[in-house]
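Note that the sequence shown ends on residue 271 in the working numbering; no numbers are left out.
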Amino acid sequence: MAPAAPQPDATGDVAGDAAPAGCTPAAATPHAVRTVVFGPDSTPNGFAALKTEWNALLQRSRFNTLFLTYEWQTTWWAYLGEGELWIVAMRRADTDELVGIAPLYRVVNDDGPWAGKPKLNIVGCIEVSDYLDIIVAQGWEGTVYAALRDWLCSDEAPAWEVLDLCNLPQDSLTYRDLPSVFTGSGCDVQVSQEDTAPQFALPLHYETYLQEQVDKKQRGEIRRKQRRAEREAMAHFYCRRTTWPPRSTTLWRCSAPAAPTRPSL
Numbered sequence: 007m008a009p010a011a012p013q014p015d016a017t018g019d020v021a022g023d024a025a026p027a028g029c030t031p032a033a034a035t036p037h038a039v040r041t042v043v044f045g046p047d048s049t050p051n052g053f054a055a056l057k058t059e060w061n062a063l064l065q066r067s068r069f070n071t072l073f074l075t076y077e078w079q080t081t082w083w084a085y086l087g088e089g090e091l092w093i094v095a096m097r098r099a100d101t102d103e104l105v106g107i108a109p110l111y112r113v114v115n116d117d118g119p120w121a122g123k124p125k126l127n128i129v130g131c132i133e134v135s136d137y138l139d140i141i142v143a144q145g146w147e148g149t150v151y152a153a154l155r156d157w158l159c160s161d162e163a164p165a166w167e168v169l170d171l172c173n174l175p176q177d178s179l180t181y182r183d184l185p186s187v188f189t190g191s192g193c194d195v196q197v198s199q200e201d202t203a204p205q206f207a208l209p210l211h212y213e214t215y216l217q218e219q220v221d222k223k224q225r226g227e228i229r230r231k232q233r234r235a236e237r238e239a240m241a242h243f244y245c246r247r248t249t250w251p252p253r254s255t256t257l258w259r260c261s262a263p264a265a266p267t268r269p270s271l
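Printed below as a string of structure tokens:
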């Protein structure tokens, strides 16, 4: 498999089919992590069990995004989720520290390219979540990918034929490195560019935007029109404060990064 080079504003999808009989874990793979699985009958479920550690792990990952926060994931699952929830966690064998979470759910689609096949999707896939990924502490990606592969290829995993990881950002290590981990175990892997996501970084303050991201001529024109609007009408900029549901406020706060800063099988 040779994935096409992604565009600068691309999101990817790794997809593939793997007959259970052809998927084999690496022989006697020594892992520096232990795998803990929360299936559909687990009490508490994976979300509840990992609640206090979820966002802390996300902040230690390479891709800290709103769509992978505990608040977004649980809300999406509560209102849009279907099928069986399978959350796979990886902990360091020596300290028990959480270093990986693969939030998955299992469905059998009635139509589409994989109709009738049991399929594992990443929670949040595909609608309304711009970016998704396996959550991994920086530096632990290879170990977590191998542990996930070995669990999926074991008798402990539910029956599946497709693992679909949608909406991966172009610089995700999952997008780049996970395919080779699975092809080495007999899985067929497909990698495709799923969508484009243009981005424009805005500074915190409006004046900073005008000074740093607008050319001199355009900046003068904007200010001239602002002065005219303020002179000829009661026009001004302001922030309106209102009361929002506590859950929404928590979700927005979690979208802020801690510091400045679709595979399927």
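Ideal Cβ positions, reconstructed from N, Cα and C, are used throughout, including at glycine.
Suppose you measure from the CA of residue i to the CA of residue j; what does that come to, to the nearest Å?
i    : j    : result
G282 : R233 : The structure shown does not extend to residue 282, since the chain is modelled only from 7 to 271, so the question has no answer here.
E162 : R112 : 14 Å
Y85  : K231 : 45 Å
Q199 : N127 : 17 Å
D139 : T202 : 16 Å
R182 : S48  : 32 Å
G226 : Q65  : 40 Å
D177 : E236 : 44 Å
Y76  : A95  : 14 Å
T214 : D102 : 45 Å
P252 : N70  : 22 Å
N51  : L179 : 27 Å
V195 : L184 : 10 Å
I132 : L171 : 9 Å
A27  : W157 : Bear in mind that a pLDDT of 48 at A27, under 50, signals an unreliable position, so the model cannot answer this.
H242 : D116 : 54 Å
S160 : D221 : 59 Å
P164 : I93  : 12 Å
A55  : R155 : 22 Å
Could you please give the first and the last residue of the uninterrupted beta strand (DSSP E) stretch that includes residue i?
i    : result
T41  : V39 to F44
Y111 : L104 to V114
Following the continuous alpha helix (DSSP H) through residue i, name the residue where it begins and the one where it ends.
i    : result
W81  : One detail in the question is off: residue 81 reads as Thr in this sequence, not Trp. Where T81 is concerned, the enclosing alpha helix (DSSP H) stretches over Y76 to L86.
Y151 : E147 to L158
A143 : Run containing A143: none; DSSP gives neither H nor E here.
A235 : K222 to E238
Of all the options the options, which has the alpha carbon lying nearest to the alpha carbon of residue i?
i    : options                   : result
L208 : R66, Q219, E200 and D170  : Q219
W120 : V168, Q65 and Q196        : V168
V114 : G106, S191 and E90        : E90
A62  : I107, V195, D221 and L184 : I107
V105 : I132, T81 and R68         : R68
L110 : G192, H211 and P46        : P46
W166 : D100, D136, K123 and S191 : K123
T256 : G118, T80 and A99         : T80
G87  : V129, S160 and P164       : V129
Q205 : E59, F73, D136 and T58    : D136
In three-state DSSP terms, what is residue i?
i    : result
R68  : coil
I93  : strand
P185 : helix
V274 : This structure cannot settle anything about residue 274, because the visible part of the chain is limited to 7 through 271.
L164 : Here residue 164 is Pro; the residue named in the question, Leu, does not match the sequence. Correct three-state label for P164: coil.
C131 : coil
L208 : coil
A34  : Residue confidence for A34 is low, a pLDDT of 48 falling below 50, so the modelled location carries little weight and cannot support an answer.
T202 : strand
K123 : coil
T256 : helix
N61  : helix
L138 : coil
Our contact map puts residue i next to residue j with C-beta atoms below 8 Å; I'd like the distance itself, whole angstroms only.
i    : j    : result
V187 : A152 : 6 Å
V39  : V150 : 7 Å
V42  : R97  : 6 Å
G192 : C29  : 6 Å
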